[in-house]
Amino acid sequence: MHPVPRVGFVSLGCPKALVDSERILTQLRAEGYDIAPTYQDADLVVVNTCGFIDDAIDESLETIGEALRENGKVIVTGCLGAQPERIRARHPHVLGITGPHAYEDVLRNVHEHLPRPHDPFADLVPAQGVKLTPRHYAYLKISEGCNHRCSFCIIPSMRGDLVSRPIPLVLNEGIRLLNAGVRELLVISQDTSAYGADLKYRAEQWGSRQIRTKFIDLARELGALAAERGAWLRLHYVYPYPHVDEVLPLMAAGQVLPYLDIPFQHGSPRILKLMKRPAHAENTLARIKSWRKLLPSLAIRSTFIVGFPGETEADFQLLLDWLAEAELDRVGCFKYSPVAGASANALPDAVPDELKAERLARFMEAAAGISTTRLATRVGASERVLVDAVDASGKAAVALARSFADAPEIDGSVRIRGAGVARLAVGEFADVKITAADTYDLGARLA
Ligand code: SF4
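Going from the sequence shown to our numbering is simple: count from 1 and add 195.
So this is what it looks like as structure tokens:
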């Protein structure tokens, strides 16, 4: 064992799992453990798994196997940890298994197999914690769990019902991150629009004011904190409920980015009902149109599932028609894949794999056309972008940045070339003129 015990860490899954990983790593560092960059350097490895769809489960199980082969001492946590029998069946020698958000249990498991280096209170940890995401953007988790019961999803059975974090905690974490230099805060949860419903939107003391644990109050307060510090606030996983309309004025005022990430999943009312989607009875097209009327620049990102059980050609056509009318800026699409434990598995009329693949291709072709058209309208515009990377190694420097319409890792980017680019720094805002557009990305030069 190393003089200072070293923990290896593998983080799989979505941004929400990343936030859990950050918390566990922060605590490990606070307790004086070193974090090892490779399996060989570690005295023990923690694998934070994903269990959302079968592909993610396979990847998690393979990673656990790899960590066992390469290191031998492995603790498993995260979503797949909610199904310990599945992990034990394939990997009986893991040292411990805990489910998602079980920070204390992960630490207890680590203590059992690797002695604590020293007194946790004596050590200094940066106030903002240890972040796996680059320094200039950070995810801020506002709640755990979900009150919906979408038929394709097992998150509620793994993570339980909605539990909102009290608003003072969320705001304090936001301030810490912003003061530590974060330029973009990304609010995440399973359903951001439901924030506080479990607490009956309870008002909490915040400085000299009372603030409700509620979506709009959260957006207003966090947006103001970010704007005061010249940073961005981006909202993910919002559902198209009427009360979401209230956030549009904050976007128009520049307090919250004019960007909404709404997982619509389908456009056919019949399929949405079979999926048991939140807000499935809402007239989403009318809502999108009224939002765009108020705020023409609003960028909407979404994800969809094609080939859900019972999806007919007519349903799929409805989805394409819906998409054409909604003109969403950014979309991701998945072929339906059954997840063990999901109620949708019992639905009749499974769609054959080839048909799923064909529909996925047709959907993505339609989405690409819309994206191309919408991006083209931005050529000539002046925009502020956030620089993610600068490559000054070649003859001409190029910077990769993101606009208000681009969330990290899932959306497109703005490629900046020309005079002054080599002097740009990662995490800096830049004012650019958009000069070119293709299917998903923009080109720009410094203004
Ligand atoms: S809203 Fe539906 S898909 Fe999203 S976490 Fe909740 S149950 Fe799962």
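The beta carbon of each residue, even a glycine, is placed where N, CA and C say it ideally should be.
Within the region 405-440, the complete beta strand (DSSP E) segments of 3 residues or longer fall at 427-430, listed in chain order. Take Ala-576, set aside five residues on each side of it, and the residues of its chain with a beta-carbon closer than 6 Å to its own are Ile-629, in chain order.
With a 10 Å radius around the Cβ and a threshold of 16 neighbouring Cβ atoms, Ser-485 comes out exposed.
Close CB contacts of Leu-428 within its chain, under the 6 Å cut and outside five residues either way in sequence, are with Leu-380, Leu-417, Gly-418, Ala-421, Val-451 (chain order). Assigned with DSSP and collapsed to three states, Glu-307 falls in helix. A Cβ-Cβ contact shorter than 8 Å links Val-442 with Ala-414. With fewer than 16 other Cβ atoms from the protein chains shown falling within 10 Å of its own Cβ, Gln-235 counts as exposed. Note on geometry: alpha-carbon atoms of Glu-549 and Glu-508 lie some 14 Å from one another.
In this structure, Cys-274 sits near Thr-244, with a CB-CB distance shorter than 8 Å. Assignment of Lys-336 by DSSP, reduced to helix, strand and coil, places it in the strand class. Taking non-hydrogen atoms of the ligand SF4 into account, the C-beta of Cys-345 is found less than 7 Å away from one of them. Ranked by Cα distance from Gly-425, the first of Asp-586, Glu-623, Ser-255 is Glu-623.
A distance of 8 Å or more separates the beta carbons of His-197 and Leu-581. Inter-residue distance for Asp-356 and Ser-588 is about 50 Å (C-alpha atoms, whole angstroms).
Residue environment: Cys-209 is assigned as exposed (fewer than 16 neighbouring CB atoms within 10 Å of its CB, all protein chains considered). Exposed is the label assigned to Ser-352, since fewer than 16 other Cβ atoms lie within 10 Å of its Cβ. One thing to note: Ala-563 has its Cβ no nearer than 8 Å to the Cβ of Thr-498. When rounded, the separation of the alpha-carbon atoms in Tyr-531 and Gln-278 is 22 Å. Here the region 215-225 lies against the region 296-307, with 3 or more beta-carbon pairs under 8 Å apart. Shown here for Ala-545: same chain residues with a beta carbon closer than 6 Å to its own, the five before and five after excluded, namely Pro-504 in chain order.
The shortest C-alpha to C-alpha distance from Ile-457 to any of Ala-284, Pro-232, Val-382 is the one to Val-382.
The straight-line gap separating the alpha-carbon atoms of Leu-542 and Ile-350 is approximately 19 Å.
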